[in-house]
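> As numbered in mature numbering (1 follows the signal peptide of the UniProt record, and there is no 0), residues -23 to -1, 1 to 495 make up the sequence shown, in order.
Note that the Cβ used here is the ideal one computed from N, Cα and C, for glycine as well.
Given the structure is predicted, the values throughout are model-derived calculations rather than measurements.
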Amino acid sequence: MRRLVTGLTALAAALVAPLPAQAAQDPVVVRTDAGWVRGETTGEGRQFLGIPYAQPPVGKLRWKDPRPVRPWQGVRTAEDFGNRCVQGASWDPGYEQPSHTEDCLDLNVYVPEDSVRRPVMVWLHGGGLTAGAGEDVVPDTFARQTGTVVVTVNYRLGAMGYLATAGLDDEARDGVSGNFGMLDQQAALRWVRANIGRFGGDPGRVTIAGESAGGRSVCSQLASPAGKGLFRAGIIQSGAYGDCVARAHDEAADQGAAFMEKLGCASLACLRDKSAEEVLAAQPGFDWAPVTGGDFLPVQPAQAFAEGAAARVPVLNGANKDEGRLFAFGQFDAGGTPLTAEQYPAVMRATFGERALERYPLTSHPSPTLGFGAAMGDVLFACPALRLDDVLAARGPVYAYEFADRTSPPFASLRNLGTDFDFGATHVNEVQYLFRHFGLDTPLNAEQRVLSRQMIQYWGSFIRDGVPRAAGQPSPPDGRDAVLSLRTASAGGNVVSTTVHGEHQCNLWDAPAVTVNR
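#1: In the DSSP assignment, what residue or residues form a beta bridge with Gly354?
#2: What does the Cβ neighbour count give for Asp146, buried or exposed, with the cut at 16 atoms within 10 Å?
#3: Taking contact to mean 3 or more Cβ pairs, one atom from each stretch, closer than 8 Å, check whether the stretch 261 to 280 and the stretch 230 to 246 are in contact.
#4: Mind checking whether Arg167 and Thr9 have CB atoms under 8 Å apart?
#5: Would you call the CB atoms of Ala305 and Thr346 closer than 8 Å?
#6: So for Glu300, helix, strand or coil by DSSP?
#7: Can you tell me where the beta strand (DSSP E) holding Asn60 begins and where it ends?
#8: Work out the CA separation of Gly105 and residue 555 for me, nearest whole Å.
#9: Use the C-beta contact count for Pro188: other C-beta atoms within 10 angstroms, 16 or more gives buried, fewer gives exposed.
#10: Taking the continuous alpha helix (DSSP H) assigned at Arg133, which residues delimit it?
#11: Is DSSP giving Leu363 helix, strand or coil here?
#12: Just to confirm, are Glu424 and Ala466 a CB contact at a threshold of 8 Å?
#13: When you compare the CB positions of Phe400 and Asp299, do they come within less than 8 Å of one another, or not?
#14: Counting pairs of beta carbons, one from the stretch 55 to 73 and one from the stretch 378 to 396, are three or more of them closer than 8 Å?
#15: Can you find the residues in the same chain that come closer than 7 Å, C-beta to C-beta, to Ala164, ignoring five residues on each side of it along the sequence?
#16: At 3 residues or longer, what runs of the beta strand (DSSP E) sit wholly inside the stretch 49 to 103?
#17: Suppose only complete runs of 4+ residues qualify. What are the alpha helix (DSSP H) ranges in the stretch 231 to 294, listed by chain order?
#18: If contact is defined by three or more beta carbon pairs under 8 Å, each pair taking one atom from either stretch, is the stretch 443 to 451 in contact with the stretch 319 to 327?
#19: For chain B, check one thing: does any of its Cβ atoms lie closer than 8 Å to the Cβ of Asp367?
#20: Output yes or no for whether 8 Å exceeds the beta carbon distance between Leu463 and Leu428.
#21: Per DSSP, what kind of secondary structure is Leu(-9) in: helix, strand or coil?
#22: Is the Cβ-Cβ distance between Val97 and Thr125 less than 8 Å?
#23: When you compare only the Cα positions, how much space is there between Thr136 and Cys196?
#24: Taking C-alpha atoms, which residue in Leu160, Leu274, Leu140 and Cys242 lies nearest to Val222?
#25: On the three-state DSSP scale, how would you describe Gly12?
#26: List, from N- to C-terminal side, the alpha helix (DSSP H) runs of 4 residues or more that fit wholly inside the stretch 407 to 486.
#27: State whether the stretch 178 to 187 contacts the stretch 7 to 22, with contact taken as three or more CB pairs (one from each stretch) at a distance under 8 Å.
#28: Helix, strand or coil for Leu316 per DSSP?
#29: Can you name, in chain order, every residue of its own chain whose Cβ lies under 6 Å from the Cβ of Gly204, other than the five neighbours on each side?
#30: Check whether the Cβ atoms of Ala362 and Asn422 sit closer than 8 Å, and answer yes or no.
#31: Am I right that Ile28 and Val5 are in contact with their C-beta atoms under 8 Å? What's the rounded C-beta distance?
#32: Return the CA-CA distance between Lys37 and Ser154, expressed in angstroms with no decimal places.
#33: Where Ala143 and Ala283 are concerned, what is the direct C-alpha to C-alpha distance, given to the nearest angstrom?
#34: Go to Phe119, then tell me how far its alpha helix (DSSP H) extends in each direction, as first and last residue.
#35: Could you tell me the boundaries of the beta strand (DSSP E) in which Arg182 lies?
In structure tokens:
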């Protein structure tokens, strides 16, 4: 539906016009700081979609820190998702066409029917910081079953979210640009703090959570002094990859200069005159990531964790057993050129080094692609997650898990490809055990539905109390030495495992001399 947005004077921002008593008592009509919104009732509770939390970052506001949303008159309909931020087309359902819309800083709120001061989870979507949207998960059932309010967020992506240049540095308050997407997330968290109480949430009990790039975002928010007081716990799902590394400011500025050259620009005015289509077309080939050196991330997240400078809050952190299979598939089989046994030794040596070939002999894996995927998953996801557990455990509670259902259905984007590739417990697959991924039901069998309910209990307990628990199930250990392995009953059920570090060859990947060529 078309949005009802009417600009008011600055004075009106402090006073939202009252509604008639009958409308104000309607449970799907809620007042925010900027105006009234009307959501809708579903079979799971209430939902409010496409609520703006910041001004559209368009025109002169492109590559600016997010600004508070302007108030509107009347009641704004909140029954449709907002625009997705600028991104290309992808395999994902509903993403067959690119988005060129910069007016995208919206969020969605899912509320159990009887919500009164419920704990809150703010979900940050994945997509490599270049794709995705808050609508990628529909957490209405999760909200009802856990008794929590769930907020999903859009934030700027790719070059729109992470471009750093000398000119933009001059405009930045701290002299460091390139964190616009991360600052969007903090703006959404401030919106939650100011408004979520009117939806039935408790602004003092907010957990930030995310998967993949969303989990990486949680890492950055935990490490950011600018986010102090905006949340009380964090959930990192497959987000510790690369040790949550951000780009050094000098590197980001050099990349920004190359990006400007690619666009044929020598000034900010030129950059801001370029269409979203042109910016998006120039985006591939660059590494879009948070930037260190400023107020948002003074130092690398790993350094902030090690020095005790990060938020000291409970963390639920984990990865999937076969993370790397998705990326191995994308590198080889998706293009119709599976890795062969003859190629395997040379590819493994070139990518991971000689010692990796010793640890991942082809005879130990069903196929060359799966052997490559095992190494990729261990070096990028499993071992960094365990290292993060170790660092966090010295500062506060950290609960470790590994999603290990190797019979899990491939997530919807992969199912649409119609491939018979063995993805196992690959990257993203755990998301569909918690939420309706892309709004779709996942074909789980009876045992997997039981595991799904248990995972929802673990996550819900953590959001409510800061400790993950599930009825009749073992609790995740606090620390690095063991993790909770999430499995179906026929695979042994959920169990506390002390062998994960060895299974993922982390004594190799934790060695500082190891270099991975990606």
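Let me lay it out:
#1: Residue pairing by DSSP places Gly354 in no beta bridge whatsoever.
#2: Answer is buried; the Cβ neighbour count reaches 16.
#3: Yes: the two stretches touch, three or more of their Cβ pairs being nearer than 8 Å.
#4: Against a cut-off of 8 Å, the Cβ pair of Thr9 and Arg167 comes out as no contact.
#5: The answer is yes: Cβ separation under 8 Å.
#6: If DSSP states are grouped into helix, strand and coil, Glu300 belongs with coil.
#7: It is not in any beta strand (DSSP E) - Asn60 carries neither H nor E in the DSSP assignment.
#8: As shown, the chain starts at -23 and ends at 495. That puts residue 555 outside it, with no answer to give.
#9: It should be noted that the sequence gives Glu, not Pro, for residue 188. For Glu188, the number of other beta carbons within 10 angstroms of its own is at least 16, and it is reported as buried.
#10: Counting along the chain, Arg133 falls outside any alpha helix (DSSP H), and DSSP gives it neither H nor E.
#11: Reduced to three states, the DSSP call for Leu363 is helix.
#12: Taking 8 Å as the cut-off, the beta carbon of Glu424 is found closer than this to the beta carbon of Ala466.
#13: Phe400 places its beta carbon less than 8 Å from that of Asp299.
#14: Cβ pair count under 8 Å is three or more, so yes.
#15: Excluding positions up to five away in sequence, the list reads Tyr30, Ala31 and Pro43.
#16: The qualifying runs are 52 to 54, 83 to 89 and 95 to 101.
#17: Runs of the alpha helix (DSSP H) inside the stretch 231 to 294: 245 to 250, 253 to 259 and 278 to 283.
#18: The stretch 319 to 327 is not in contact with the stretch 443 to 451.
#19: The chain inventory of the structure shown lacks chain B, comprising one protein chain alone.
#20: Yes, these two residues count as a Cβ contact at 8 Å.
#21: Per-residue confidence for Leu(-9) stands at a pLDDT of 40, beneath the threshold of 50, marking its modelled position as unreliable; the derived number appears in the next sentence. Here Leu(-9) sits in coil by DSSP.
#22: The Cβ atoms of Val97 and Thr125 lie closer than 8 Å to each other.
#23: It should be noted that the sequence gives Ala, not Thr, for residue 136. Looking at the two C-alpha atoms, the distance is approximately 20 Å.
#24: Nearest of Leu160, Leu274, Leu140 and Cys242 to Val222, Cα basis: Leu274.
#25: In the structure shown, Gly12 sits in a strand (DSSP, three-state: E or B).
#26: The stretch 407 to 486 contains these whole alpha helix (DSSP H) runs: 423 to 442, 477 to 480 and 483 to 486.
#27: Output reads no: the stretch 7 to 22 does not touch the stretch 178 to 187.
#28: Looking at Leu316 - three-state DSSP - the assignment turns out to be coil, as it is neither helix nor strand.
#29: Hits under 6 Å: Gln163 and Gln198.
#30: Going by C-beta atoms, Ala362 is not nearer than 8 Å to Asn422.
#31: Not confirmed; about 13 Å, so no contact.
#32: Lys37 and Ser154 have their C-alpha atoms spaced approximately 15 Å apart.
#33: Taking the straight line from one Cα to the other gives about 30 Å.
#34: Its alpha helix (DSSP H) spans residues Asp117 to Thr123.
#35: First-last of the beta strand (DSSP E) with Arg182: Gly178 to Glu188.
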